[in-house]
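Inspection log for the structure reproduced underneath, given as structure tokens.
In this note's numbering, the protein residues as written are 281 to 390.
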């Protein structure tokens, strides 16, 4: 395992453009990477993994979490949150789809 790479500024900016449009969202440094919160609830978190890949996590409805879990890469779920969905991101990611998922996450967390 290697060190966690810094998330490219372009990725952070693209996510911020989506979430900054919503009321009360603030961007802040996370334990690794950057997160966006509305009040105390995390809407999204982007970070580099020890494998050198970049990930963004966000919230989804229970049926969405199950669907994304079964779809597999580039989607993933985590063991620490029942409504958390993750997506591996790179230069070829579908940023329009991610924007929709981030908007849904905002609605769930606000």
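Heads up, the beta-carbon is just placed ideally off N, CA and C, and yes, glycines get one too. Bear in mind that the values here come from a model prediction, so they are computed numbers and not experimental data.
Query: Burial state of residue 372 (16 or more Cβ within 10 Å); Result: exposed
Query: Rounded C-alpha distance that separates residue 284 from residue 308; Result: 18 Å
Query: As assigned by DSSP and simplified to three states, the class of residue 367; Result: strand
Query: Under the three-state DSSP convention, the category residue 380 falls into; Result: helix
Query: Nearest to residue 351 (by Cα), restricted to the options 338, 361, 365; Result: 365
Query: Cα-Cα separation, residue 347 to residue 282; Result: 31 Å
Query: Length of the line joining the Cα atoms of residue 330 and residue 293; Result: 22 Å
Query: Classification of residue 385 by the beta-carbon crowding that lies within 10 angstroms, buried from 16 upward; Result: buried
Query: C-beta contact flag for residue 312 and residue 323 at 8 Å; Result: no
Query: Straight-line Cα distance separating residue 321 from residue 299; Result: 13 Å
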